[in-house]
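Counted the way the working numbering counts, the sequence shown spans residues 1 to 155. Below: one structure, written as structure tokens.
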Amino acid sequence: MTTEPELRSGQLAAAVGVNVQTLRYYERRGLLAAPRRSPGGHRLYPAEAVTLLRMVKAAQRLGFTLAEVTDLIPAARRTPHADSGLRARARDKLAEVEQRLADLTVARDTLRAAVAAGCDDLVACAASPRCPLPFDQLAEPADLRRATVTLRSDA
């Protein structure tokens with residue numbers, strides 16, 4: 001009878017590219033099951049923990065928060081082919097990423113315009129009519145601007 005090799009904390013951490021404290025944190029968060037202990041008290045993780053943790057790290061790189069990943073994993077553990085809601089969550093995350101890309105594109109284009117306009121002094125640039133930086137729009141949060149616009153248009 002051959003059993004799967006087990007990994008000690010340091011081995012698992014090295015295999016995944018995290019530190020040992022991250023493993024403990026993931027245990028506390030419920031992402032990683034509490035490991036079996038060796039007679040000497042060392043934590044022994046099953047080999048499949050490498051795959052699980054690589055999946056967690058990949059999901060984080062795609063923009064999922066640890067809380068979102070935590071929600072996705074229990075369903076996958078109960079029934080490997082169950083609908084964990086990944087498709088819907090991926091669609092939502094994609095919409096968030098696309099919005100961030102749009103916001104970054106606006107920021108990039110505005111900064112390019114500031115560089116092209118020769119804005120060397122923030123105060124002087126703000127006072128100039130050719131200043132491309134949207135100081136008046138940045139002064140208040142977007143939600144407040146929308147509310148103000150709505151109130152003004154209702155008046």
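Where a beta carbon is used, it is the ideal one built from N, C-alpha and C, also for glycine.
What is the rounded straight-line gap between the Cα of Ala126 and the Cα of Leu133? 7 angstroms
Extent of the continuous beta strand (DSSP E) run through Leu7: 6 to 8
Beta strand (DSSP E) containing Arg43: first to last residue? 43 to 46
For the alpha helix (DSSP H) that Cys125 lies in, which residues bound it at each end? 122 to 127
Which residues mark the beginning and the end of the alpha helix (DSSP H) in which Leu86 is found? 86 to 116
Return helix, strand or coil for Arg37, following the three-state DSSP convention. strand
C-alpha gap between Pro5 and Gly63, whole angstroms: Straight through space, the alpha carbons of Gly63 and Pro5 are spaced by roughly 32 angstroms.
Give a yes or no on contact between the region 58 to 72 and the region 37 to 46, applying the rule of three or more CB pairs nearer than 8 angstroms. no
Rounded to whole angstroms, what's the CA-CA distance from Val115 to Gln60? Just pull it up for me. 34 angstroms
Can you tell me whether Leu62 is helix, strand or coil according to DSSP? Three-state DSSP puts Leu62 in coil, outside helix and strand.
Under 9 angstroms between the Cβ atoms of Leu72 and Arg91? no
Cβ neighbour criterion (16 or more within 10 Å) applied to Ala13: buried
C-alpha gap between Val20 and Arg8, whole angstroms: 10 angstroms
Please work out which residues of its chain come closer than 8 angstroms, Cβ to Cβ, to Val18, disregarding the five sequence neighbours upstream and downstream, and give them in chain order. Leu53, Lys57
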